[in-house]
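Taking it in order: structure first as structure tokens, then the write-up.
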Amino acid sequence: MPQHTIGFIGLGVMGRPMAKNLLKAGFPLVVHSRSRGPVDDLVAAGAARASSPAEVARRTPHIITMLPDSPDVAQVMEGEQGVFTALQRGSIVIDMSTIAPATARRLASRAAALGAAMLDAPVSGGEIGATNGTLSIMVGGDAQAFEDVRPILEAMGAKERIILIGDSGAGQLCKVCNQMVIGGALAVVSEAFALARKAGVDPAKVRQALLGGFAASRVLEVHGERMLTGNYKPGFRTALYAKDFRIVAATLAEHHSPAPVTAVIQQLVEALMAAGRADDDYSALGTVLFQMAGVSGEAAGV
233 MPQHTIGFIG
243 LGVMGRPMAK
253 NLLKAGFPLV
263 VHSRSRGPVD
273 DLVAAGAARA
283 SSPAEVARRT
293 PHIITMLPDS
303 PDVAQVMEGE
313 QGVFTALQRG
323 SIVIDMSTIA
333 PATARRLASR
343 AAALGAAMLD
353 APVSGGEIGA
363 TNGTLSIMVG
373 GDAQAFEDVR
383 PILEAMGAKE
393 RIILIGDSGA
403 GQLCKVCNQM
413 VIGGALAVVS
423 EAFALARKAG
433 VDPAKVRQAL
443 LGGFAASRVL
453 EVHGERMLTG
463 NYKPGFRTAL
473 YAKDFRIVAA
483 TLAEHHSPAP
493 VTAVIQQLVE
503 ALMAAGRADD
513 DYSALGTVLF
523 QMAGVSGEAA
533 GV
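So the sequence shown is numbered by my numbering: it starts at 233 and just counts up by one.
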């Protein structure tokens, strides 16, 4: 039975199922979130309620944050009732949000000055992975702290996909790379489906054939199916993906790393936002390319 209570701050689309998986694994949990409903849900499942991030920090030495953006994490950590106001020496904070690598490094330095450790541990796998406990987890920070919290991470992610990337900020840098690769795959799958449709070929059969060869990918498997059916119920909202791509652009600029393909994909994401689809799943990126190609209907397969 795990010995330490875990604090969990941020119970959104991803955070709530991640927290529930910690409960299922037997970890005592103290939770806090901006909205009351998810907190009530977790309390009903066996968690304890906290009134502020500071209370979470007072009650547990292991704290997980899962929040929308860099300013949200900074506020939860550094605000008037933030984690840093009550952080215990020897605590380990695990930020599983997707934020700017520079912000992750700055907050980790502040935690170290308070006698604690902070890991940046963004995830990939969407709501499905969060629910099933099969997330990929990319970690930056102290190696010993990583080993100390590995059992916690394994309750939320697939053991073979929990990887220490490097020092503080390296996990977030890896997440930047992840979003770039997913964006490229989304765009090319969309283009392929649009071409098949325009040429009078069934894109569903094209997808089926491609999944058997080197073109196979999770994007083709999961998001390709969404494109064919027009099911854009959000597992990961376009608005958050657009935020991630702003982090991508800033990180590329910080390191003077050219990425012309990624720049085009960012414009496609912004076009999707401009079309009023911020709350759709980010796989709806395909609709932008379908419309550009003059494919009739919402999806390439209808």
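By construction, the Cβ of each residue, glycine as well, lies at the ideal position given by its N, Cα and C atoms. Predicted model only: the values in this text are computed from it and were never measured.
Environment of residue i [buried if 16+ CB atoms lie within 10 Å]
i	result
Ile-360	exposed
Lys-252	buried
Gly-244	buried
Thr-461	exposed
Met-524	exposed
Ala-431	exposed
Gln-440	exposed
Asp-476	buried
Leu-443	exposed
Lys-437	exposed
Ser-283	exposed
Val-315	buried
Ala-424	buried
Gln-498	buried
Gly-490	The residue asked about is misnamed: residue 490 is Pro in this sequence, not Gly. By the 10 Å Cβ count, Pro-490 comes out exposed.
Lys-465	exposed
CA nearest to the CA of residue i, picked from the options
i	options	result
Pro-300	His-236, Arg-509, Ala-474	Ala-474
Arg-338	Glu-312, Gly-365, Gly-372	Gly-372
Val-288	Pro-435, Ala-276, Thr-317	Thr-317
Gly-403	Ala-340, Asp-304, Gly-347, Leu-521	Ala-340
Met-388	Gly-416, Thr-366, Leu-472	Thr-366
Ile-384	Ala-345, Leu-261, Arg-266	Leu-261
Asp-399	Ala-280, Ala-428, Ala-353, Gly-508	Ala-353
Ser-515	Pro-270, Gln-411, Met-250, Ile-369	Gln-411
DSSP state of residue i mapped onto helix, strand, coil
i	result
Asp-273	helix
Leu-500	helix
Ala-280	strand
Gly-513	Contrary to the premise, residue 513 reads as Asp rather than Gly in this sequence. Strand, per DSSP.
Leu-351	strand
Arg-338	helix
Gly-533	Low confidence applies here, because Gly-533 scores a pLDDT of 49, under 50, leaving its location unreliable; read the following figure in that light. It is coil, neither helix nor strand.
His-488	coil
Ser-449	coil
Residue i: CB within 7 Å of a non-hydrogen atom of the ligand GTP
i	result
Lys-256	The ligand GTP is not part of the structure shown, which contains no ligands of any sort.
Counterpart residues of residue i in DSSP-defined beta bridges
i	result
Thr-519	Note: Thr-519 sits in no beta bridge, so no partner.
Thr-297	Ile-241, Asp-327
Gly-398	Gly-372
His-264	Ile-241
Leu-367	Gly-389
Arg-439	Paired residues: none, contrary to the question.
Arg-469	Asp-513
Ser-356	Ser-368
- Query: Is the stretch 324 to 338 close to the stretch 291 to 298, with three or more CB pairs under 8 Å?
  - Reply: These segments touch.
- Determine, using beta-carbon pairs with one atom in the stretch 387 to 397 and one in the stretch 444 to 457, whether at least three such pairs fall under 8 Å. Contact fails: fewer than three Cβ-Cβ distances are below 8 Å.
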